[in-house]
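Under the UniProt record's numbering, the first residue of the sequence shown is numbered 1, with each subsequent residue one higher.
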Amino acid sequence: MEKREAIDTWLDKHRSVYTAATRHAFVVSIRDGSVDLSSFRTWLGQDYLFVREFVPFVASVLIRAGKESGESSDMEVVLGGMASLNDEIEWFKREGSKWDVDFSTVVPQKANEEYRRFLEALMSSEVKYSVIMTAFWAIEAVYQESFAHCLEDGNKTPVELTGACHRWGNDGFKQYCSSVKNIAERCLENASDEALAEAEDVLVRVLEHEVAFWEMSRGG
Ligand SMILES: Cc1ncc(CO)c(N)n1
Numbered sequence: 001m002e003k004r005e006a007i008d009t010w011l012d013k014h015r016s017v018y019t020a021a022t023r024h025a026f027v028v029s030i031r032d033g034s035v036d037l038s039s040f041r042t043w044l045g046q047d048y049l050f051v052r053e054f055v056p057f058v059a060s061v062l063i064r065a066g067k068e069s070g071e072s073s074d075m076e077v078v079l080g081g082m083a084s085l086n087d088e089i090e091w092f093k094r095e096g097s098k099w100d101v102d103f104s105t106v107v108p109q110k111a112n113e114e115y116r117r118f119l120e121a122l123m124s125s126e127v128k129y130s131v132i133m134t135a136f137w138a139i140e141a142v143y144q145e146s147f148a149h150c151l152e153d154g155n156k157t158p159v160e161l162t163g164a165c166h167r168w169g170n171d172g173f174k175q176y177c178s179s180v181k182n183i184a185e186r187c188l189e190n191a192s193d194e195a196l197a198e199a200e201d202v203l204v205r206v207l208e209h210e211v212a213f214w215e216m217s218r219g220g
């Protein structure tokens, strides 16, 4: 296998789950304007809880990037992601009041808890840096791809939802995802067959968790 393009090779191989994660009915409904606002509110509340759990995960990626990458720029890329999470939490709070979602009463649903447990397992020092970076990229890339789709030509995204779409669909976030992908690819280039197999597995599992996460919005 051409190791340099490991991630793209895996995305081709697992195209159906990748598409399910990046073109979910909920995302498509935002883009075509048919979105049910109770679904949006459910997603907002659940994602706020997710993001709070994602912060310690990114912090652990940051520590690993500082210690083991051998490339000082890795830490700067992850630090940029951390900084945008700070803005993101503030944005969630504003959206919460705009949509009348009281986060203090939102209970994490099963898919959210399972995703959190998965993130916790990835924070173990046993997990290889290349595997963590692949997971980190996939988590961010699903949101980037999904929300960018809502802003592409021909969209009928309701104006009150464009803020959410710009948050993850903007060019800066796209650039950031591409930097994370380059880090992951660089690590995978030198990874053992075992690490490659683990990274592929983790990539697919992230995509499955993302699909299950979008599915929660169906409950409204
Ligand atoms: C479920 C989920 N995946 C990815 C992101 C991107 O940060 C997010 N906010 N929520």
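Using N, Cα and C, we set each Cβ at its ideal position, and we do this for glycine too. Nothing here was measured: the structure is a model prediction, and the numbers come from that model.
Inset, instruction - Hey, could you find the ends of the alpha helix (DSSP H) Gly56 is sitting in? - result: Counted from its first residue, the sequence shown places residue 56 at position 56. The sequence given here places Pro at residue 56; Gly does not occur at that position. Where Pro56 is concerned, the enclosing alpha helix (DSSP H) stretches over Leu37 to Glu68.
Inset, instruction - Round the Cβ separation of Phe173 and Gln144 to the nearest angstrom and send it over; I've been treating them as touching at under 8 Å. - result: As a working mapping, residue 173 is identified with position 173 in the sequence shown. As a working mapping, residue 144 is identified with position 144 in the sequence shown. Phe173 to Gln144, Cβ: 5 Å. Contact.
Inset, instruction - Please state whether DSSP places Trp99 in a helix, a strand or coil. - result: Residue numbering aside, residue 99 sits at position 99 when the sequence shown is read from its first letter. Look at Trp99 here: in three-state DSSP terms it is coil, with no helix or strand label.
Inset, instruction - Confirm the yes/no value for this check: CB of Phe54, any heavy atom of ligand 1, distance under 7 Å. - result: The residue you call residue 54 lines up with position 54 of the sequence shown. When distances are taken from the beta-carbon of Phe54 to the heavy atoms of ligand 1, the shortest one is below 7 Å.
Inset, instruction - Whole angstroms is fine: what's the gap from Val51's alpha carbon to Ile89's? - result: Translated into positions along the sequence shown, residue 51 becomes position 51. Translated into positions along the sequence shown, residue 89 becomes position 89. Looking at the two C-alpha atoms, the distance is approximately 7 Å.
Legend entry - Cβ-based burial, Ala121 [other Cβ within 10 Å; buried from 16]: Locating residue 121 in the sequence shown gives position 121, counting from the first residue. With fewer than 16 other Cβ atoms within 10 Å, it is exposed.
Inset, instruction - May I have a chain-ordered list of the alpha helix (DSSP H) segments no shorter than 4 residues that lie completely inside the segment 96-155? - result: Segments of the alpha helix (DSSP H) lying fully in the segment 96-155: 110-122 and 129-149.
Legend entry - Proximity to Phe103 [Cα-Cα], best of Leu62, Gly70, Leu11 and Leu44: Mapped onto the sequence shown, residue 103 falls at position 103. The option with the nearest alpha carbon to Phe103 is Leu44.
Inset, instruction - Specify, as a first and last residue, the run of the alpha helix (DSSP H) that His209 falls within. - result: Within the sequence shown, numbered from 1, the residue matching residue 209 stands at position 209. Going by DSSP, His209 is part of the alpha helix (DSSP H) stretching over Asp193 to Met216.
Legend entry - Contact the segment 138-155 vs the segment 202-209: 3+ CB pairs below 8 Å: Between the segment 138-155 and the segment 202-209 there are three or more C-beta pairs closer than 8 Å, enough to call the two in contact.
Inset, instruction - Compare the C-alpha of Glu95 against each of Ser178, Glu68 and Arg167 and name the closest. - result: Position 95 of the sequence shown holds residue 95. Per the Cα distances, Arg167.
Inset, instruction - Would you grab the beta carbon distance between Ile7 and Ala184 for me? Rounded to a whole angstrom, and I think it's under 8 Å. - result: For the purposes of this step, residue 7 is taken as residue 7 along the sequence shown, with counting starting at 1. For the purposes of this step, residue 184 is taken as residue 184 along the sequence shown, with counting starting at 1. 6 Å between Cβ atoms; contact.
Inset, instruction - Check whether the Cβ of Val51 sits closer than 7 Å to any heavy atom of ligand 1, and report yes or no. - result: Indexing the sequence shown from 1 puts residue 51 at position 51. Taking the Cβ of Val51 as the reference point, at least one heavy atom of ligand 1 falls within a distance shorter than 7 Å.
Legend entry - Arg15 versus Glu114: straight-line alpha-carbon distance, rounded: Here the question's residue 15 lines up with position 15 in the sequence shown. Here the question's residue 114 lines up with position 114 in the sequence shown. Rounded to whole angstroms, the gap between the alpha carbons of Arg15 and Glu114 is 23 Å.
Inset, instruction - Can you say whether Gln46 is buried or exposed, counting buried as having 16 or more other CB atoms within 10 angstroms of its CB? - result: Looking up residue 46 in the sequence shown gives position 46. By the 10 Å Cβ count, Gln46 comes out buried.
Legend entry - Pairwise C-alpha distance: Leu37 and Ala197: Translated into the one-based positions of the sequence shown, residue 197 becomes position 197. Translated into the one-based positions of the sequence shown, residue 37 becomes position 37. Going by C-alpha positions, Ala197 is about 40 Å away from Leu37.
Inset, instruction - Drop a sphere of 10 angstroms on the beta-carbon of Ala111, count the other beta-carbons inside from all chains shown, and report buried for 16 or more, exposed for fewer. - result: As a first step, residue 111 must be located in the sequence shown, where it is residue number 111. Counting C-beta atoms within 10 angstroms of its own C-beta, Ala111 has 16 or more neighbours from the protein chains shown and is therefore classed as buried.
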